[in-house]
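**Q** Dropping the structure in here first, questions after.
In my numbering, the protein residues as written are 2 to 898.
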């Protein structure tokens, strides 16, 4: 939203909604089709053939119905359902069990639109179509001979079906089938339902069941039958021989289940909270106060952040809290303990250093002052680094990304306020300073482990350099990190979820689904005149239902006019040149007829494409020559042409005055979003935009204000937005991280070391996410990666600040690195582990955004601990002592002076 393409699409829709195309009449003549000779016992009556439900739009019916994909047992080798003994019978039993599921009879389409007590419509399935072809009444009556017959028909007729030679018109009553379709083997004319059987056939070991349940109400079936539970699916296929497996389900609109899983996945968030509580107890040796303070911080941050978010946005719309915002729950769960652990660690560390002053009346005040001097700047710097990545996401044009960035930023700010206000008081009053922190962790860090890290310090610069070079080559040069291929719909669920499997691989389960996806995802191009591309919507107040409930308001172009005689000539030249562009699809001119699931009928849906101002039959030029009044009144001629034309002309007329207010010329490109790549689509879009812009330079004044719009390109713009804001966001976060280290330490050498550590941590994390998580550059992935630099730099800031604040370190990097690791190493380790464990707890979530955020936190925090913690300290210990800032060796009073 707020981009040039979104503005063009908005005005294109507004022009259509606020103008009128002259009504056209279409032929309704259809040839009748000979019915196959039916057996007296045949009672399989599909609803699309019933008198009160007869429909010629089987493609629309197929697309609107729910579907279940079933796979044959892998042990059957290369056999298919038709060649495996007992497979059809197993499939028949399975569909009978599906019909007995809770809610099926209430939701299914009935055999009569009047009597709702009638039976459900038959399932479109391999057993039912075999039953119809064989003339039986039920798939339970099928014999081996029936299956062998259909197997022979399948083998013989498949090629004729793919070429389009075998079609429903072969059964026209006008002539014998062998005359109408001479290239088709005569055995293929056994029954018209053979066409549907072939259409729902896909991969060899899969079979598709098309349920008589409209997808618009399919969500209720998920709830009633609990089909998303593996135990329910296993129970359906239990005791079937050969065994079957339900692999994919399309039931309801994609994404509707997300609200259901938000509640379900809260269990894993609670588990993450419990894991965090256990870890905090270990790190603080059972300090109940610290554990309680941490969870109070989580609740405070989320609730107050939501309150501020509601005050800013939800007072405008009730639907302004997208699902993506729920990732903030996982984020704050992982980050909630970091700052609190740091405060606690510094508090007990300061006590250890000032133990000799325990009897002094001012010792408590001096310890708290020392704690605040060290902890407050460190906490603020790490929080600002996290906020940097979030605030940069506000530059995105994706509404959900903007709102996630706003809500997460408010949550982090509330967390900072809580920590700075509550923790000093809490530590001073309720936490005894003599409590020792995580002795089981601290001794190894203080003695052998710290000494070992400092001893092998020279290996860490080599490790950091290698980690930067190798992942960079793999991710960018080898192309491991790329945009997703095929469907551009962001994934809501885990890859093995039945709904997600059908979204990704549904085209493999049937020829009909593959063909439907390929044609319905063809790129359409609209040249629009009459409106000014401007998007009046506000991304902070817009809700998805606004586009349906609120009338779109076009911004009319005052320059548009077709009165100039040069306009028609220019449009004629424009149409001729447009048709010659590469990949522009010209639909065949085929007369309407009855059909089943045939590819020609999908191509007929492209009849609205084309240009009537070019050369050809029924063009405006022909109409103009045939009517003498056109020479005197061009505008009246255009109106008369629109009324007389049997095809849409693209002219748009005012709802009030009836005058021509716009023009839309549409074309379809032979490039489908279902099987294209980001680079191909990006290249094609740039070529067309450049061509149209150059052509507009030659247009007459009344047509110079036109623009080119494509709904598919506008949806594709989300990925272009990712390509634009992700490098800026990550680069800004990395630069901010290095700057914060420099401002906190005033050491250029240390800030460059931190920069190197952060970059290596990010690249290693990204490589592991691609390898282990199969990540591509989707919207959610890009948003998560934009936070990576701000989170990874936290150990660097804590350790660098500790180096600067040490009084006994002298001018040696080696000594300061060792003592800094002893002082805050426990807090840094605990913070990283708490964040990583909180992320690992939500890995089993059904919602993919939860799972992705959890995997990201798990991998990033471990790599940050190793590279930005241990690697940073080891590399800092290698620095020459002459790079030590002189101000570090002064006393605190000297620094102030």
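All C-beta atoms in this analysis are idealised placements derived from N, C-alpha and C, irrespective of residue type, glycine included.
(1) Less than 8 Å between the CB atoms is what I'm expecting for residue 510 and residue 204, so what's the real figure, rounded?
(2) Could you check where the alpha helix (DSSP H) with residue 153 kicks off and where it finishes?
(3) Between the C-alpha atoms of residue 665 and residue 619, what's the straight-line distance to the nearest angstrom?
(4) Could you pull the start and end residues of the alpha helix (DSSP H) that residue 625 belongs to?
(5) Relative to the ligand FMN, is the shortest distance from any of its heavy atoms to the C-beta of residue 302 smaller than 6 Å?
(6) May I have the straight-line CA-CA distance separating residue 416 from residue 301, to the nearest angstrom?
(7) Between the C-alpha atoms of residue 83 and residue 148, what's the straight-line distance to the nearest angstrom?
(8) Keeping to the same chain, check which residues put their C-beta closer than 8 Å to that of residue 697; ignore five residues upstream and five downstream.
(9) Please report the straight-line C-alpha distance between residue 684 and residue 423, rounded to a whole angstrom.
(10) Once you ignore the five residues that flank residue 18 on each side, which residues in its own chain have a CB closer than 6 Å to its CB?
(11) By how many angstroms is the C-alpha of residue 106 removed from the C-alpha of residue 232?
(12) When you compare only the Cα positions, how much space is there between residue 507 and residue 514?
(13) So which of 582, 224, 345 and 538 has the shortest CA-CA distance to residue 12?
(14) Which same chain residues, not among the five before or five after residue 948, have their C-beta less than 6 Å away from its C-beta?
(15) Measure from the alpha carbon of residue 123 to the alpha carbon of each residue in 135, 109, 814 and 498, then state which is nearest.
(16) So the candidates are 755, 536 and 433; which of them puts its Cα closest to the Cα of residue 795?
(17) Taking the alpha-carbon positions, what's the residue 835 to residue 867 distance?
(18) Does the contact criterion of 3 or more C-beta pairs under 8 Å hold for the stretch 286-303 versus the stretch 263-278?
(19) When the distance is taken between beta carbons, is residue 64 closer than 7 Å to residue 512?
(20) Taking residue 673 as part of the beta strand (DSSP E), name the residues at either end of that continuous run.
(21) So who's on the other strand from residue 494, going by DSSP bridges?
(22) Determine the burial state of residue 978: buried for a count of at least 16 other Cβ atoms within 10 Å of its Cβ, exposed for fewer.
(23) Taking the alpha helix (DSSP H) that residue 520 falls in, what are its first and last residues?
(24) Taking contact to mean at least 3 C-beta pairs separated by less than 8 Å, is the stretch 785-793 in contact with the stretch 389-400?
(25) I'd like to check one pair, residue 613 with residue 669: are the Cβ atoms closer than 7 Å?
(26) In whole angstroms, what is the alpha-carbon distance linking residue 695 and residue 581?
(27) Ignore the nearest five residues each way along the sequence and tell me which others in residue 178's own chain have a CB closer than 7 Å to its CB.
(28) Kindly indicate which three-state DSSP category residue 695 falls into: helix, strand or coil?
(29) Is the distance from the Cβ of residue 908 to the Cβ of residue 875 below 7 Å?
(30) Measuring only between beta-carbons, confirm whether residue 95 sits less than 7 Å from chain D.
(31) Going by DSSP, which residues form a beta bridge with residue 121?
(32) Distance check for residue 719 and residue 728, CA to CA, integer angstroms please.
(33) CA-CA distance, residue 568 and residue 700?
(34) Starting from the C-beta of residue 766, find all residues in its chain whose C-beta is less than 6 Å away, skip the five residues before and the five after it, and write them out in chain order.
(35) Pop quiz: residue 421 and residue 377 are said to be a contact at Cβ under 8 Å. What is the actual Cβ separation, rounded to whole angstroms?
(36) Starting from residue 68, trace the alpha helix (DSSP H) in both directions and tell me its first and last residue.
**A** According to the data block:
(1) 7 Å
(2) 145-164
(3) 18 Å
(4) 621-627
(5) With respect to the ligand FMN, the structure shown offers nothing to examine, as it has no ligands at all.
(6) 7 Å
(7) 7 Å
(8) 704, 705 and 707
(9) 55 Å
(10) 553
(11) 22 Å
(12) 7 Å
(13) 538
(14) The displayed coordinates of the chain run from 2 to 898. Any statement about residue 948 would go beyond what the structure contains.
(15) 109
(16) 755
(17) 15 Å
(18) yes
(19) no
(20) 661-673
(21) 848
(22) As displayed, the chain neither begins before 2 nor continues past 898, which places residue 978 out of reach and without an answer.
(23) 512-521
(24) yes
(25) no
(26) 16 Å
(27) 171, 172 and 190
(28) helix
(29) Residue coverage of the chain in this structure runs from 2 to 898, which leaves residue 908 outside it and unanswerable.
(30) Considering every chain present, this structure includes no chain D. It has just one protein chain.
(31) 111
(32) 15 Å
(33) 8 Å
(34) 860, 861 and 864
(35) 7 Å
(36) Looking at the DSSP string, residue 68 is not in any alpha helix (DSSP H); the run it does join, the beta strand (DSSP E), is 66-73.
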